[in-house]
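Residue numbers (our numbering), protein chains in the order written: chain P, 86 to 387; chain L, 6 to 255.
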């Protein structure tokens, strides 16, 4: 057994963690399990693909990839724009669907509605882009050795760095800024949040924007290191839930830790047991943690 | 004394469901600098009344005025900006946040310099909290938690502070110090509207009291007069006069 699973698991885990942050925030603030989160990941990747293609088409000269990476600057610019677009898509979903159901106050109906919306979002992508996988770039990446028999590609390293930056930014936002504290307040006690003068509707809008943007970032990372296809996010949904619950619902450090644990455990499992059991590993871990600490690793409440 | 009116509810009808009003035409007036106590048996609608004033329970008829302005049906998070602070009975602090974060968040409507000053003022007023500023509120004792909840309310430099049963769940000794604190807060110029089950302790610091029953006004009197009226005590305060040391729970 080589230690390569560590590098692969870390990259996969960072993406899972980023996706799980958005999921854990919407779960704790809006109080329902949002199944469309996986599809926001896919939509984020396709938004980026379309925008990067448009930027590429508008250029008159040939594009070179950035430094050692497989992608050029249009993907970077498109990714940033797509984060905004995906956030707006999440807001739109809330406006036309979840907001209306929330007023009736039935969490089960919202979960089922999100399942339906997830199906519709996914089918729309298949309709527009077919179910054929596609790529941001067809450049080949050479993995370079980093010691202990582990090899990593420049893209993977970049994704790890990006995930780290986003996680630190999220942590600072939640602990240092007013809107972050307001989000934590609404997640713990919406009635008291109103009493201290917090506009709960504004907090919900911010949560969708941030959740959508982080889902998009995870989608771009997944697209760059694996491939882009309409099911990419939906297939990640169960590991996302595993990571969010493992880390403790509502906890950003918990989501990222949960993501890394799930990612590394899956990679190790693929190497030790076989790829067929990949999906089962996240759940075995989840069950084990929930038996020992039902609130999750970083959870403070149930 | 209407010129000194600071908070008033006028024939208020309110309830969680539009067709099932819990408050059925209640009128109260609070004057500047007063401590007004709302008493009444369980289910009288005391809590619903102050929640309706705070904007947390829908009002279907009647008006609420704060400092001469109509605040009927203004959303709860906007009412705070007008200087009305509310301390709920339970779940009244953010347990996952530190003492400092609770105060900081509650004072977010103040400019930073005033907010800082107000946090220091709260630490002077509640020395127990000053020693625990970086502890999570969930780790505080019941009494300290209640002090934090009151400090949280005071963070906005309120015109009126409304409290829903601040003595609930506190030991007799803590009830004493809690009410002593409220009297001290009134001295600093804050008007207080208080819902209480512990009628004896509340009337001891209050100026006037309203007795509610079945969602309606039943009685209004100066606190002293009410405390010494055996009929009222027996009918509406759960036999308070007969049980001098006891809690006023029916």
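Backbone N, C-alpha and C define an ideal beta-carbon position, used for all residues, glycine too.
A quick note: this is a predicted structure, and the numbers were derived from the prediction, not measured.
Does the beta-carbon of residue i have 16 or more other beta-carbons within 10 angstroms, so that it is buried, or is it exposed?
| i | result |
| --- | --- |
| residue 221 (chain P) | buried |
| residue 171 (chain L) | buried |
| residue 220 (chain L) | buried |
| residue 243 (chain P) | buried |
| residue 153 (chain P) | exposed |
| residue 5 (chain L) | Only positions 6 to 255 of chain L appear in the structure, and residue 5 (chain L) is not among them; the question remains open. |
| residue 281 (chain P) | buried |
| residue 25 (chain L) | exposed |
| residue 224 (chain P) | exposed |
| residue 176 (chain L) | exposed |
| residue 279 (chain P) | buried |
| residue 241 (chain P) | buried |
| residue 272 (chain P) | buried |
| residue 78 (chain L) | exposed |
| residue 6 (chain L) | Confidence in residue 6 (chain L) is poor, its pLDDT being 44 and thus under 50, which makes the residue's placement too unreliable to answer from. |
| residue 362 (chain P) | exposed |
| residue 47 (chain L) | exposed |
| residue 130 (chain P) | buried |
| residue 111 (chain L) | buried |
| residue 73 (chain L) | exposed |
| residue 149 (chain P) | exposed |
| residue 365 (chain P) | exposed |
| residue 180 (chain P) | exposed |
| residue 112 (chain P) | buried |
| residue 107 (chain L) | buried |
| residue 277 (chain P) | buried |
Compute the beta-carbon to beta-carbon distance between residue i and residue j, rounded to the nearest angstrom, for a pair I have assumed lies under 8 Å.
| i | j | result |
| --- | --- | --- |
| residue 165 (chain L) | residue 88 (chain L) | 7 Å |
| residue 36 (chain L) | residue 66 (chain L) | With 8 Å as the limit, residue 36 (chain L) and residue 66 (chain L) do not qualify as a contact, their Cβ atoms being about 24 Å apart. |
| residue 191 (chain L) | residue 40 (chain L) | 5 Å |
| residue 128 (chain L) | residue 151 (chain L) | Not really, about 16 Å apart at Cβ, beyond 8 Å. |
| residue 104 (chain L) | residue 159 (chain L) | That pair is no contact at about 14 Å. |
| residue 168 (chain L) | residue 200 (chain L) | 7 Å |
| residue 110 (chain P) | residue 292 (chain P) | 5 Å |
| residue 297 (chain P) | residue 174 (chain P) | 6 Å |
| residue 347 (chain P) | residue 367 (chain P) | 5 Å |
| residue 97 (chain P) | residue 351 (chain P) | 7 Å |
| residue 19 (chain L) | residue 63 (chain L) | 6 Å |
| residue 69 (chain L) | residue 17 (chain L) | 7 Å |
| residue 138 (chain P) | residue 234 (chain P) | About 38 Å; that fails the 8 Å criterion. |
| residue 301 (chain P) | residue 219 (chain P) | Residue 301 (chain P) to residue 219 (chain P), Cβ: 17 Å. No contact. |
| residue 143 (chain L) | residue 100 (chain L) | 3 Å |
| residue 353 (chain P) | residue 90 (chain P) | 5 Å |
| residue 85 (chain L) | residue 161 (chain L) | 6 Å |
| residue 96 (chain L) | residue 274 (chain P) | 6 Å |
Could you tell me which residues DSSP pairs with residue i in its beta bridges?
| i | result |
| --- | --- |
| residue 284 (chain P) | Residue 284 (chain P) is not bridged to any residue. |
| residue 43 (chain L) | L:200, L:215 |
| residue 221 (chain L) | L:218 |
| residue 219 (chain P) | P:313 |
| residue 167 (chain L) | L:91, L:198 |
| residue 230 (chain P) | P:236 |
| residue 122 (chain L) | BP columns for residue 122 (chain L) are empty, so no partner. |
| residue 122 (chain P) | In DSSP, residue 122 (chain P) forms no bridge with anything. |
| residue 19 (chain L) | L:28, L:64 |
| residue 36 (chain L) | L:10 |
| residue 227 (chain L) | L:213 |
Check: Which whole runs of the alpha helix (DSSP H) in the region 51-110 of chain L are 4 residues long or more, in chain order?
Finding: For secondary structure counted as the alpha helix (DSSP H) over 4 or more consecutive residues, the region 51-110 of chain L holds these complete runs in sequence order: 51-58, 81-84.
Check: Does the count of Cβ pairs from the region 181-193 of chain P and the region 300-316 of chain P closer than 8 Å reach three?
Finding: No: the two stretches stay apart, fewer than three of their Cβ pairs being nearer than 8 Å.
Check: Pairing CB atoms from the region 38-55 of chain L with CB atoms from the region 375-382 of chain P, are three or more of them under 8 Å?
Finding: Flag = no, the region 38-55 of chain L and the region 375-382 of chain P do not touch.
Next item on the list: Say whether the region 257-267 of chain P touches the region 149-163 of chain P, bearing in mind that this needs 3 or more beta-carbon pairs closer than 8 Å, one atom from each stretch.
Entry: Put simply, the region 257-267 of chain P does not touch the region 149-163 of chain P. Fewer than three CB pairs are less than 8 Å apart.
Notebook entry, point to check: So, do the region 239-258 of chain P and the region 93-108 of chain P have three or more beta carbon pairs nearer to each other than 8 Å?
Noted result: The region 239-258 of chain P and the region 93-108 of chain P touch, with no fewer than 3 CB-CB distances between them shorter than 8 Å.
Next item on the list: Could you pull out every unbroken alpha helix (DSSP H) segment of at least 4 residues lying fully inside the region 125-161 of chain L, listed in chain order?
Entry: Qualifying alpha helix (DSSP H) stretches, in chain order: 132-135, 147-159.
Note to self: Taking contact to mean 3 or more Cβ pairs, one atom from each stretch, closer than 8 Å, check whether the region 127-134 of chain P and the region 196-203 of chain P are in contact.
What the structure shows: The region 127-134 of chain P vs the region 196-203 of chain P: no contact.
Next item on the list: Please determine if the region 331-346 of chain P and the region 355-366 of chain P are in contact, where contact requires at least 3 C-beta pairs separated by less than 8 Å.
Entry: By the C-beta criterion, the region 331-346 of chain P is judged not to be in contact with the region 355-366 of chain P, since fewer than 3 inter-stretch pairs fall below 8 Å.
Next item on the list: Report yes or no: do the region 205-221 of chain P and the region 306-320 of chain P share at least 3 C-beta pairs separated by less than 8 Å?
Entry: Yes, the region 205-221 of chain P is in contact with the region 306-320 of chain P.
Next item on the list: With a floor of 3 residues, list each beta strand (DSSP E) that falls wholly inside the region 104-160 of chain P, ordered by position along the chain.
Entry: Counting whole runs of 3 or more residues, the region 104-160 of chain P contains no beta strand (DSSP E) stretch at all.
Note to self: With three or more beta-carbon pairs closer than 8 Å as the criterion, would you say the region 120-127 of chain P touches the region 321-338 of chain P?
What the structure shows: Verdict: yes, contact present.
Check: Taking one C-beta from the region 204-215 of chain L and one from the region 224-239 of chain L each time, how about it: are there three or more such pairs within less than 8 Å?
Finding: The answer is yes - the region 224-239 of chain L touches the region 204-215 of chain L, with three or more Cβ pairs under 8 Å.
Item checked: Every unbroken alpha helix (DSSP H) inside the region 233-273 of chain P [4 residues or more] -> Here the runs fully enclosed are 239-261, 263-273.
Notebook entry, point to check: the region 80-100 of chain L: which residues have C-beta closer than 9 Å to a C-beta of chain C, in chain order?
Noted result: Protein chains P and L are contained in the structure displayed, whereas chain C is not.
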